[in-house]
Amino acid sequence: MGDVFSQLYIHLVFSPKHREALILPDWEEELYKYITGVIQQRGHKLLAIGGMPDHVHIFIGQKPSESISDLVVEIKTSSNLFIKEKKLSRHKFDWQNGYGVFSHSRSQLNAVCKYILNQKEHHKKKTFQEEFMKFCEDFGIEIGKKEFFTWFGQDVHK
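Next up, the structure:
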């Protein structure tokens, strides 16, 4: 059988449980480096990682032999353990079950990387909830009765 040739650019978005702002600036870089290692160890290419205290964006060149859901489970499980073992968070830390996954074309690489790396500037104007709902709208994801992130202090359905 011949080699596999692929071009899969995947943008992942997920949050701590209840979208709480638990990812603090003094250890976010350590977390991002750890997540980068998990992604690379599994054969994917990290293109950008960034976020805010209440969510993370990860942009990868995906290896087609692993499902997105398996990768997300591994990232969340191992990074959650990493946070607990290193005692990075003073609060109980868990990732929320849900996540967003969006695909992009090669022509969008630079724009998506820039967007992810400039999260702190971007979120001076827009909340995570506004951002995520806009993604869903832009990508034609029907919101309907789907359960989205549990927004801290808000109803889970939008």
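Under the working numbering, the first residue of the sequence shown is numbered 1, with each subsequent residue one higher. Beta carbons are placed, not taken as given, at the ideal position from N, Cα and C, and that holds for glycine.
Going by CA-CA distance only, name the one from Arg-19, Phe-135 and Ser-79 that's closest to Met-52. Locating residue 52 in the sequence shown gives position 52, where the first residue counts as 1. Checking every option, the nearest Cα to that of Met-52 belongs to Arg-19.
Per DSSP, which residues does Met-52 bridge with? Please list them. Taking the first residue of the sequence shown as 1, we reach residue 52 at position 52. Answer is His-55, bridged to Met-52.
What would DSSP say about Tyr-115, mapped onto helix, strand or coil? What you label residue 115 is simply residue 115 of the sequence shown in a count that begins at 1. DSSP places Tyr-115 in helix when its eight states are reduced to three.
Note down, in chain order, each residue of its chain lying with its Cβ closer than 8 Å to the Cβ of Ser-105, except the 5 sequence neighbours on either side. As a first step, residue 105 must be located in the sequence shown, where it is residue number 105. For Ser-105, where only same-chain residues beyond five positions count, the Cβ hits under 8 Å are Tyr-9.
Quick one, are the C-beta atoms of Ser-79 and Ile-35 less than 8 Å apart? Here residue 79 is taken as the residue at index 79 of the sequence shown, counted from 1. Here residue 35 is taken as the residue at index 35 of the sequence shown, counted from 1. Yes, the pair counts as a contact, with Cβ atoms nearer than the cut-off.
Let me know if Gln-62 comes out buried or exposed under the rule of 16 or more other beta-carbons within 10 Å of its beta-carbon. Locating residue 62 in the sequence shown gives position 62, where the first residue counts as 1. Buried is the call here.
Which residues does DSSP pair with Pro-16 in a beta bridge? Reading the sequence shown from its first residue, position 16 is the one you call residue 16. Answer by DSSP bridge pairing, in chain order: Trp-95.
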